[in-house]
Structure formats: C-alpha cells, structure tokens
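2 protein chains.
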Amino acid sequence: MTRTEDPRLIATREHALDAALEILKDEGVLAVTHGSISNTTGISRSTLYRHWPKLEKLRNDAFLRAATSPNFAPETDGPLRADLARLMGNLVTALSETAWGQVAPQVIAAAATDQQARLVINDFMKARIASVEAVFAAAEERGELRDIAPVRQLVEMAIAVPYFRKYIAGLPLDRDWFDAHVDLICRLATKAPEERD
Amino acid sequence: MTRTEDPRLIATREHALDAALEILKDEGVLAVTHGSISNTTGISRSTLYRHWPKLEKLRNDAFLRAATSPNFAPETDGPLRADLARLMGNLVTALSETAWGQVAPQVIAAAATDQQARLVINDFMKARIASVEAVFAAAEERGELRDIAPVRQLVEMAIAVPYFRKYIAGLPLDRDWFDAHVDLICRLATKAPEERD
DNA sequence: ATCGAAGAGCAACAAATTGTTCTATAGTGG
DNA sequence: CCACTATAGAACAATTTGTTGCTCTTCGAT
Numbered sequence: 281m282t283r284t285e286d287p288r289l290i291a292t293r294e295h296a297l298d299a300a301l302e303i304l305k306d307e308g309v310l311a312v313t314h315g316s317i318s319n320t321t322g323i324s325r326s327t328l329y330r331h332w333p334k335l336e337k338l339r340n341d342a343f344l345r346a347a348t349s350p351n352f353a354p355e356t357d358g359p360l361r362a363d364l365a366r367l368m369g370n371l372v373t374a375l376s377e378t379a380w381g382q383v384a385p386q387v388i389a390a391a392a393t394d395q396q397a398r399l400v401i402n403d404f405m406k407a408r409i410a411s412v413e414a415v416f417a418a419a420e421e422r423g424e425l426r427d428i429a430p431v432r433q434l435v436e437m438a439i440a441v442p443y444f445r446k447y448i449a450g451l452p453l454d455r456d457w458f459d460a461h462v463d464l465i466c467r468l469a470t471k472a473p474e475e476r477d
Numbered sequence: 281m282t283r284t285e286d287p288r289l290i291a292t293r294e295h296a297l298d299a300a301l302e303i304l305k306d307e308g309v310l311a312v313t314h315g316s317i318s319n320t321t322g323i324s325r326s327t328l329y330r331h332w333p334k335l336e337k338l339r340n341d342a343f344l345r346a347a348t349s350p351n352f353a354p355e356t357d358g359p360l361r362a363d364l365a366r367l368m369g370n371l372v373t374a375l376s377e378t379a380w381g382q383v384a385p386q387v388i389a390a391a392a393t394d395q396q397a398r399l400v401i402n403d404f405m406k407a408r409i410a411s412v413e414a415v416f417a418a419a420e421e422r423g424e425l426r427d428i429a430p431v432r433q434l435v436e437m438a439i440a441v442p443y444f445r446k447y448i449a450g451l452p453l454d455r456d457w458f459d460a461h462v463d464l465i466c467r468l469a470t471k472a473p474e475e476r477d
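Line by line, the protein sequences are chains A and B. Oh and the first sequence: position 103 is 383 in my numbering, straight run, nothing missing. Oh and the second sequence: position 42 is 322 in my numbering, straight run, nothing missing.
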C-alpha cells in the first residue's frame, strides 16, 4: 500500500478536473470528454484514460467538484426573519454566481439515469435543507414559531421556489420576488407579535 | 405555395418523432440522433437529414412532443380543497406516468443553453400555472380566500414543491406528502370557517 | 391514364471521435 | 544511484456524423 500519493497523479487529476468543470459550465456535459480535456489542458489522452477509464466516472467527478465548492454555514442569531433572509440570499446568489448554479440542471438531467449523479445532488440538497432547518430550529428554541406545519415542510417550500423559478419555470430571481418570498415564509412560520410567549 | 402537405412527408415526420420521443424517454437526449432514429424506424438517414438538417431542431421537436401530450383542464366546482386536490393529483401523477415526467429533466438541462428548449418548458409551465390559478380564481369568486399573499405566489409554491422533490431533491411524491402539501396550501389560502362572508 | 415534381431509399465518402495499445521519456522515492 | 510509476506521443481499428449523387416510388395536377 502506498503511503503517499505521487504528486504527479494529484497534479494531473486536479488540473484535469479544473478543466472539466470549466467545460461543463461552458459547453455542457456532452462536451466533457477525454478528448476535450486533453485539448484544453495539454494532458495526453492516454493519461486521462488511465485516470478515468470510464467517461461516466469522469463526468461524475466534475459534478462532484461543482457541488462541493459552495458551502456556507447558517447564522442563527435571530430573529428568524433576519437569519432566513441572509441564508436564502446566499442560496439564491449562489444559483446565479457559482459553478453549481450553472451546472445544476445538467446534474439533474444526469440523475435521471445515473445513480452516482443522483447521490451527488441528493447529498448537496440534504446539506442545503439542513442549513435552512438549522435556522428554523434556532427560531423554535427562541419560541418564535407557531405550529402551522412541520418545519421540514416549510423548509422545502422555502428552497423549492427559487429552484423552480430559475430552472423549471424560467422566471427571474429578482429582489421583489425574493422579499415577498422570504416574507411569506416568515409570516407562515412565526407567531404574530402579540401572541409571543 | 403547396396547399396540402405531402402525406409521405407527414407520415415520415410523425413516425420519426414517435421514435425520437421513445428514445428520449429510454436513453436520454444524447441518444436522439439521426442515426438512432434511422435504426429503430427503418427511415433512411439521408431522409432524416433532409427533414432535420440540424440535430438541435430534431431534439427540440422531440421535446415539444413530450410537452404537448399531457393537457388537462381544471375543474372549478369548489370548494378549493377539492378542486386543488384533484388538479394537483393530476399534475403529480403526470410527473410519474407521462412522457413529460420522464423527459422534463432533459428539457431542463437543454434549456440552460438552448433557447428553443427554454421556450418549450416556459410555455408548458405557463399553462400549468394558469390551470392552478384558475382553481384559485374560482375560490376567490366564492369568497373562500383570505388575503395572505398574491394568488400567483401561492400557486408557485403549490407547483414548485412537487417538481423540487422529484427532480432536484430526489424525494418521493407519496400520499402522505401529497396530503400534507395540499392541506397546507389550502390552510394558507382560505379563511377559517368562522370568518367566511 | 399520364407525366412532371418531390420524397424516400441506398451506397459511398471524408472527417472527426473514441477507445486501446505500445514505446520512449521523465519525475519520484528509497 | 536505482527501481518504480506517471506521462507523452504515435499508431490503430471501429464508430459516428454529415454530405452527396443516384435510383426508385409516390403524389397530384392535367
């Protein structure tokens, strides 16, 4: 068993995956091949085949790289309105500005037939849902919530709408929409001021 | 200008698109090519190239065929709860059982770079949103709604969650979830019984 | 029924891509 | 310094893609 990995191996792999993610963003999954990566990096095709004998594995590694880059922890200082606005703001801007935002639809499509891609996106969404849940959990601790529905259901609503608008309905994620959305979720979840404990 | 289209043209095109949709469902967009359609239909490759010189156009026509098949009108007899449960039930089962349900993620991915695919899905979702809106509009006529948020926002929530669960989060669209979802939307939208006009 | 127009089928072709194998070169770690 | 391993590069067959030229069939108008 090798104690340390050969630095050449690591360098080649990282270099290749950087290029793969770039191609994935710009030209789509189709364009992510041993050939295209070889062209843009100068790494020889035979080397790439040795690293990734299966093209599917190569593409999944590119997906994984896109999914692991954005990772922000929620702040839970309260009140819910402020925490949620901040976290959802991060989530929404990430959809526009990170690699994940550009790559997500391709992973979604791949997930229909590819189990590994399904896992990538499931893990990613689990983490996203957990971060929003943490914000709600803190609000519950503070006694801000009313018992209208399970927290999980509210969280799904909060996250589902921006994804739906951007990728499925093709609607903009503008400020008017964002404010109304966060506002509605908060009004649903929290007690009116006069009924606080 | 030809008054009627040559029946051979129509027959070939329909036959080819049927096969294209089948391939699209089973093997994904990648597999939809002049070659694959020629193999499964017996239509010669050169004929297919004459019908669709651009592969992109061929794939878009396949998308369109998937998107136009499911088309159900809402019933608005009231109360909201019943109408919404029926319509959302149709929408959700369509996601599992129609060609659209299987093809949607591929259209979503294509829409990222392909304007025509974007239009296909936009039109489709507009119709979907309109049908749910019709149900809410009827409820508003009957004085069932309270003024918690614009109808449009509630409708987006209602539709966004099932899409999100199925395609993005990879969660099941089971009966427990469905009942809780429709129930929550209705509770948000409608007045409590004692405050009806 | 006939005839011109147009569609479909067939074969062949160049070009590009994919996956594979081999050898020579160069970097790594002991 | 040496054995080991990664990479580059070239060559190869097989497949796919887009294109062209030709023949045969079908359609619709007269």
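Glycine included, every Cβ here is placed at the ideal spot set by N, Cα and C.
- Distance from the CA atom of A311 (chain B) to the CA atom of I303 (chain A), rounded to whole angstroms, is 21 Å.
- Each of B:P442, B:A391, B:E377 was checked against the Cα of P385 (chain A), and the nearest Cα belongs to B:A391.
- Within 7 Å of the CB of L335 (chain B), no CB atom of chain A is found; the nearest one sits about 11 Å away.
- Distance from the CA of W457 (chain B) to the CA of D286 (chain A), rounded to the nearest whole angstrom, comes to 50 Å.
- Ranked by how close their Cα comes to the Cα of F416 (chain B), the residues B:I401, B:R408, B:V435, B:F404 have B:V435 in first place.
- Pairing F444 (chain B) with D403 (chain A), the inter-Cα distance amounts to about 15 Å.
- Separation of P442 (chain A) and G423 (chain B) (C-alpha to C-alpha, rounded to the nearest whole angstrom) is 30 Å.
- V400 (chain A) places its beta carbon 9 Å or farther from that of A440 (chain A).
- Non-local C-beta neighbours of K446 (chain B) in its own chain, meaning closer than 7 Å and more than five positions away in sequence, comprise L375, L453, ordered along the chain.
- Pairing A300 (chain B) with D341 (chain B) gives a Cβ-Cβ distance under 9 Å.
- Contact note: P359 (chain A) does not reach chain B at a C-beta cutoff of 7 Å; the least C-beta distance is about 20 Å.
- Looking at the DSSP output, T470 (chain B) sits in a beta bridge with B:L425.
- Within chain A, the residues placing a beta-carbon under 8 Å from that of Q386 (chain B) are A389, A392, ordered along the chain.
- In chain order, V309, L310 make up the part of chain A whose C-beta sits under 9 Å from the C-beta of L310 (chain B).
- At least 9 Å separates the CB of A374 (chain A) from every CB of chain B.
- In this model, G308 (chain A) and V383 (chain A) are separated by some 8 Å (Cα to Cα).
- Contacts with chain A at 9 Å (Cβ-Cβ) do not include H314 (chain B).
- Below the 8 Å Cβ cutoff, chain A contributes I448, A449, G450 as neighbours of M405 (chain B), in chain order.
- Assigned with DSSP and collapsed to three states, G369 (chain A) falls in helix.
- For N351 (chain A), no Cβ of chain B is located within less than 9 Å of the residue's own Cβ.
- Interface annotation, R345 (chain A): not in contact with chain B, CB-CB separation never under 9 Å.
- For R398 (chain A), the C-beta contacts it makes with chain B under 9 Å involve G450, in order along the chain.
- For W380 (chain B), the uninterrupted alpha helix (DSSP H) segment begins and ends at 379 to 391.
- With contact defined as three or more Cβ pairs closer than 8 Å, the segment 320 to 329 of chain B and the segment 350 to 367 of chain B are not in contact.
- Identification of chain B residues near L464 (chain A) by a Cβ-Cβ cut-off of 7 Å yields A429, Q433, ordered along the chain.
- In terms of Cβ geometry, A379 (chain A) and K334 (chain A) do not form a close pair [threshold 9 Å].
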